[in-house]
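Only one structure is covered here, and it is reproduced in the block below.
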Amino acid sequence: MTSGFWILAAIGNFLATLARIFDSPISEVLKMNVMRSFATQITLGRLLTFQIVMALLVSILSSRVKKNGGALWLLIAALAGALAPVFESHSSALGSHGLAIGSLVIHVLGLSFWIGSVSSLLLMSTEARARAFSRVSTIALWSSTAVVLSGAMNAWTRLRISQDWFTSYGALIAVKITLTITVLVVASRIRKSILVDRFLPFEVSILFAIMSIGAILNRFTPVEEVSGSFDKTRELVGISMPDAPTLSRVFFEYEANGLILGLLIFVTALYIRGVVALSRRGVKWPVGRTISFAIGISLLDYATSGGLGLYAHFSFQYHMMAHMVLSMIAPIAIILSAPITLALRTLPIGRDKDERGIRGLLLSFLHSKPTALWTHPIIALAIFDGSLFALYFTPLFGELMSSHFGHMVMDLHFIGAGLLFFHVIVGIDPNPRRVHHLVRVVMLLAAMSIHAFFSVALMSANSLIDGGYYALLERPWATDLLSDQKVGAAIGWAMGEIPIVVAL
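Residue 5 is where the sequence shown starts when you use my numbering, and the numbers rise one by one after that.
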């Protein structure tokens, strides 16, 4: 039934958005050619159409899914549909685009888990509710924390400190804050009270009110002062053109990528929680592993939100530096921190023989056929080095660089490919496939050779590979784009060989 409501809401949102764009009643945009053009030619229209398709898919398949694996894929489809339009909810011309979009994605994600987990209690029997209550409370705690922090960040990006709070947009933000505080108080009472049936519907009602206000806020933006000049760079990238890079700027500038920053904060919180849990049991987790994890996370943040990540948007040589840090340097530090081992030692187990628990689900994933396939040396090497050619020697690179979402996907791919490759090579965590030491050495030598060939090919190129992206930026420094590309290729070659040699 809930999926049916989602379908109707998604269709209504599609039509309301189209009517708002044309500044016309919904009845006037109910024309097949108008709706088809919006759904196929406009980015926002494509995302809203994707949301409708995901709602239909979840509605059709939800009653047919009987296993955890199928339920997980349906959850991913539902979250993808819910989050898709969020990526077009903030104009890049307003600035702080990465922080605004990222914080809103986390906000919607956290609210989805919060509402979904608490609402599920209402649908359970008394016995099942008592059994699930502690798990739902944990989910609600993490979700509510994410909602509050991400909501604060998003409000900060959209409202100026003084006057915007006195607009209608600011008033809605104030109401949302008040309701959030109220629901946190109610949730706290529920966790301490035996009268769950009395307070739970009230908590769910407030959560839906918060979600409704969020939907209204998402359709409008606070009043912006009209600038006398058009910032082309900020329109394209979401960030104003920085000054020419210097050592201090590259090291100390910071432009937050909200989604990746939130992800790093989340995994750091999980790691710290795991270490603390072991400490309470009297088990000492190696300090070196914790330091290694901190180094890896810091490098990832620096290459995505720090000065290196900032200039990676504007110069190919800095992009290549960030690429090497994300895929070759930071992953080694994270892999050596043994995060999977820590998770297996601290995650909750099933409460009886019929319940796997989170630890059981992780073990099942680690021993699954897809995981065994991904960790095959040839597959890991192909993803790690083969994707270089697919990215940089096709139009894909220019297309990904031209959008905030594409750039983020590229960064996440670099991180994932590096973690997978070095997990196979130097990993100390459990691996479903035992790889002989000699095979690892051969993999490293092959990776060095392929990377060297790629770098030489890129250095020898006499044409730009960015599809015109860097030329559109019209940066006032490092104006020789081909020279910048060749320097980036040389830097990539040099930086890429060092971690591989260290891994040997």
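Don't be surprised by glycine CBs; every beta carbon is placed ideally from N, CA and C.
Check                                                                                                                                                            : Outcome
Look at the Cβ atom of Ala14, then the Cβ atom of Gly85, and state whether they are nearer than 9 Å.                                                             : yes
Tell me whether Pro249 is buried or exposed, calling it buried when 16 or more other Cβ atoms sit within 10 Å of its Cβ.                                         : buried
State yes or no: is the C-beta of Tyr258 within less than 9 Å of the C-beta of Leu314?                                                                           : yes
Check whether the stretch 377-393 and the stretch 425-439 are in contact - that is, three or more C-beta pairs closer than 8 Å.                                  : yes
Rounded to a whole number of angstroms, what is the C-alpha to C-alpha distance between Ser141 and Tyr396?                                                       : 46 Å
Quick check for students: name the residue ranges of the alpha helix (DSSP H) that lie wholly in the stretch 403-485, counting only runs of 4 or more.           : 408-430, 441-464, 473-477
Express the C-alpha separation of Arg40 and Leu282 in angstroms, rounding to a whole number.                                                                     : 56 Å
Here's a check: name, in chain order, each residue in its chain whose Cβ is nearer than 8 Å to the Cβ of Asp488, leaving out the five neighbours to either side. : Ser319, Phe320, Gln321, Tyr474, Ala482
Run through DSSP, which three-state label would Trp10 get?                                                                                                       : helix
Under the DSSP definition of a beta bridge, which residues are partnered with Gly85?                                                                             : Beta-bridge pairing links Gly85 to no other residue.
Can you check whether the CB of Leu113 is closer than 9 Å to the CB of Ala150?                                                                                   : yes
Is Val230 buried or exposed, if buried means 16 or more other CB atoms sit within 10 Å of its CB?                                                                : Reliability of the predicted coordinates at Val230 is poor, the pLDDT of 45 falling under 50, and the value obtained from them is presented with this limitation in mind. Exposed, since its Cβ has fewer than 16 Cβ neighbours within 10 Å.
Just to check my reading of the structure: Ile339 and His427 have Cβ atoms closer than 8 Å, yes? What is that Cβ distance to the nearest angstrom?               : 5 Å
Closest by CA to Gly242, which one among His317, Ala219, Thr186, Ser331?                                                                                         : His317
Distance cutoff 9 Å, beta carbons only. Does Ile299 sit that close to anything in chain D?                                                                       : In the structure shown, chain D does not exist; there is a single protein chain.
For Gln55, is the classification buried or exposed, using 16 other Cβ atoms within 10 angstroms of its Cβ as the cut-off for buried?                             : buried
Quick one: what's Gly310 bridged to in DSSP?                                                                                                                     : Tyr258
Which same chain residues, not among the five before or five after Gly300, have their C-beta less than 6 Å away from its C-beta?                                 : Ala334, Ala337, Ile338
For the ligand ADP, is there any heavy atom lying closer than 8 Å to the beta carbon of Gly218?                                                                  : As presented, the structure is devoid of all ligands, the ligand ADP included, so that no description of it is given.
In whole angstroms, what is the alpha-carbon distance linking Arg285 and Arg68?                                                                                  : 42 Å
At the level of alpha carbons, what is the spacing between Ser372 and Leu366?                                                                                    : 10 Å
Taking the beta carbon of Gly232 as the centre, do at least 16 other beta carbons fall within 10 Å, making it buried, or is it exposed?                          : Bear in mind that the predicted position of Gly232 carries a pLDDT of just 49, short of 50, making it unreliable; the figure below should be weighed with that in mind. So Gly232 counts as exposed.
For Val345, report the span of its alpha helix (DSSP H) as first-last.                                                                                           : Strictly speaking, residue 345 in this sequence is Thr, with Val absent from that position. Here the alpha helix (DSSP H) through Thr345 covers 343-350.
Could you say which of Gly410, Leu423, Ala493, Leu78 lies nearest to Leu263 if we only look at CA atoms?                                                         : Gly410
Under 6 Å Cβ to Cβ from Met324, same chain only, skipping five residues before and after it: list those, please.                                                 : Gly492, Ile495, Gly496
Measure the Cβ-Cβ separation of Arg360 and Leu348 and say whether it is below 9 Å.                                                                               : no
Hey, Glu92 and Thr44 are a contact pair by Cβ (cut 8 Å); roughly how many whole angstroms apart?                                                                 : No, Glu92 and Thr44 are not in contact; Cβ-Cβ is about 15 Å, not under 8 Å.
Taking buried to mean at least 16 other C-beta atoms within 10 Å of its own C-beta, is Ser368 buried or exposed?                                                 : exposed
What does the alpha-carbon distance come out to for the pair Gly161 and Phe255?                                                                                  : Here the sequence assigns Thr to residue 161, which means Gly is not the residue at that position. In a straight line, the C-alpha of Thr161 is about 23 Å away from that of Phe255.
In whole angstroms, give me the CA-to-CA distance for Ala23 and Ala159.                                                                                          : 26 Å
Work out the CA separation of Leu486 and Asn261 for me, nearest whole Å.                                                                                         : 28 Å
Helix, strand or coil: which one does DSSP assign to Gly390?                                                                                                     : helix
Alpha carbon to alpha carbon, how far is Ala38 from Thr21?                                                                                                       : At residue 38 the sequence reads Val, which differs from the Ala that was named. So the alpha carbons of these two residues sit roughly 13 Å apart.
How big is the Cα-Cα spacing for Met499 and Phe457?                                                                                                              : 14 Å
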